[in-house]
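Heads up, the thing below is written out as structure tokens.
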Amino acid sequence: MIHMRSFLPQEIENQQFLVNKNIKFCLVQITATGLKKSILDATTPMRAYFLENNIHNYERQLQGPAHKHLVKTHILSVNEDLETKTSMYRPETKLGDPRLWIYRLTDFTKADDIHAIIAVDGVLYVINITQVNIALCYHSLTFKSNPIRDLIQSLYSKSISVSEELLQKFRLDAGVWHASEVTADTGIGRTIETLLGIEMNSSKLADYKGIEIKSHREKRKTQKNVLFTQTPDWNLSRFKSGIQIVNKYGYPYSPDWLTLQNTLSCDKPNSQNMQLNVDQIKALLEMKYITDRQNEDIAVWRLIKLHERLATKHHETFWVEVKNQIVDNKEYFCYSFIEHTKNPILSQFDILLEQSMITLDIMLHRPDKHGDTYSFKIKKKAMPLLFPESTIYNLLNTDNDNLDIFEEPFNQMVAQEKSLFKDDDFS
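Position one of the sequence shown corresponds to residue 6 (the numbering used here), numbered consecutively onward.
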């Protein structure tokens with residue numbers, strides 16, 4: 006695999022402009038060999054981007070020309086919009102490494118030019134960021150027909166409208182107390198999704214039209230936010246499953262049940278002598294068992310995979326903070342604040358891991374029979390280091406620390422709900 010060359014100043018500026026307009030994209034470098042043979046490698050970030058945007062899934066594609074997948078494509082320049090196609094395929098030769106080619110691209114590129122690929126509703130748009138100054142193109146009034154400007158304006162307006170739409174939904178419910186669907190750590194999050202009309206699913210994609218929603222209680226014990234969950238890369242790991250790890254390093258929950266539930270960080274071993282290590286040479290995050298006499302490998306994650314999960318999950322996020330009360334063993338909550346973040350700095354992820362600002366919670370072979378979980382969390386104070394674009398929305402009109410303002414409407418709501426059920430429904 007040939008690594009992408011270093012970016013030129015204009016290429017960096019073009020990427021920053023797209024990011025500031027809240028536009029997701031992937032990059033492809035047109036190598037001299039690729040240009041000559043009309044072949045490009047579909048890199049891991051590209052494949053993840055195509056999968057995220059419902060363009061193509063290379064993992065399910067069979068080898069050979071009969072299984073080639075064509076995607077409608079537009080190559081955009083300052084004053085031209087060329088409609089063409091992109092071919093996505095896996096050749097019969099070698100291991101069927103994922104490939105693609107954008108038809109007619111040779112008319113718009115030179116060897117080693119870098120292009121941004123933007124997916125919109127099943128269609129790809131390609132812009133040569135080596136040759137085109139996107140900011141100048143966006144603000145230019147020279148050309149009446151400016152396809153690059155039209156595309157970016159359309160996507161930017163759409164992204165703003167979605168966040169405003171979601172924010173309005175929360176504002177309409179400001180001051181309203183809701184009963185949690187279940188009494189559990191995830192109860193409030195599940196209830197918020199129900200209120201927003203989001204069906205429960207196991208998707209790793211964002212929740213609401215591209216915006217991820219994360220909720221937490223104001224008076225929580227831990228000052229951490231959950232970023233995402235991600236299982237280790239078992240193909241590269243010494244152990245091949247969570248139960249194998251538990252059988253080796255777990256502790257007894259009962260005479261016949263082992264479990265392993267710990268927080269791991271890079272700074273020091275935890276109570277089970279388990280620690281994280283970032284290996285930048287191998288581009289791996291390693292889970293290790295470390296004592297004075299032992300240093301054993303347990304499992305690993307590819308850093309690029311963790312970067313992809315972060316970029317996919319938190320391209321844009323509403324971090325919802327709620328006030329909560331327990332009445333008759335039932336939890337009620339009310340929206341308090343929303344922190345609106347965009348475009349995490351992926352390079353910061355590794356640094357924050359090394360500084361133990363990002364940690365890993367593992368919950369393996371739990372007695373409640375729930376599945377194994379590997380949850381990456383960030384300390385609240387480190388949020389600005391990972392998410393520089395942040396806006397705080399205060400959904401309360403008074404002192405945030407004064408819960409008494411909700412007491413009367415809250416009590417009325419509980420009384421009304423109780424009148425609809427038998428007393429033992431709230432026990």
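Glycine is no exception: its CB is placed at the ideal position from the N, C-alpha and C atoms. Please read these numbers as outputs of a predicted model, since none were measured by experiment.
Residue nearest to residue 66 within the set 400, 102 and 38 is 102 (criterion: CA-CA distance). Between residue 387 and the set 15, 346 and 378, the nearest pair of CA atoms involves 346. Approximately 37 Å separates the beta-carbon atoms of residue 370 and residue 29; this is outside 8 Å, ruling out the contact. Every beta strand (DSSP E) stretch that sits fully inside the segment 298-326 and reaches 3 residues is listed by chain position as 300-307. Positions of the alpha helix (DSSP H) runs, each at least 4 residues long and wholly inside the segment 40-98, are given as 49-57 in order along the chain. Closest option to residue 128, judged by alpha-carbon separation, among 184, 90 and 109: 90. Contact holds between the segment 252-268 and the segment 277-288, because three or more Cβ pairs, one in each stretch, are under 8 Å apart. Annotation for residue 389: the continuous alpha helix (DSSP H) segment containing it runs 388-391. Under the three-state reduction of DSSP output, residue 130 falls in the strand class. For residue 157, the CB contacts under 7 Å within the same chain, skipping 5 residues up- and downstream, are 26, 28 and 143 in chain order. A direct Cα-Cα distance of roughly 45 Å separates residue 191 from residue 15. Secondary-structure assignment with DSSP links residue 104 through a beta bridge to 46 and 94. According to DSSP, residue 279 shares a beta bridge with 294. Counting along the chain, residue 162 sits inside the alpha helix (DSSP H) bounded by residues 152-177. The beta carbon of residue 372 sits closer than 7 Å to those of 258, 262 and 264, all from its chain and outside the five residues before and after it, given in chain order.
If you draw a straight line from the Cα of residue 234 to the Cα of residue 202, it comes to about 23 Å. By the 16-neighbour rule on beta-carbons within 10 angstroms, residue 367 is buried.
In the three-state DSSP reduction, residue 14 falls in the helix class (H, G or I). The straight-line gap separating the alpha-carbon atoms of residue 241 and residue 376 is approximately 21 Å.
Fewer than three pairs of CB atoms, one per stretch, sit closer than 8 Å, so the segment 300-317 makes no contact with the segment 159-170. Residue environment for residue 212: buried (at least 16 other C-beta atoms within 10 angstroms of its C-beta). In the three-state reduction of the DSSP assignment, residue 228 falls in the coil class, being assigned neither a helical nor a strand state. The three-state secondary structure of residue 352, taken from DSSP, is helix. Around the beta carbon of residue 298, a 10 Å sphere encloses fewer than 16 other beta carbons of the protein chains shown; the residue is thus reported as exposed.
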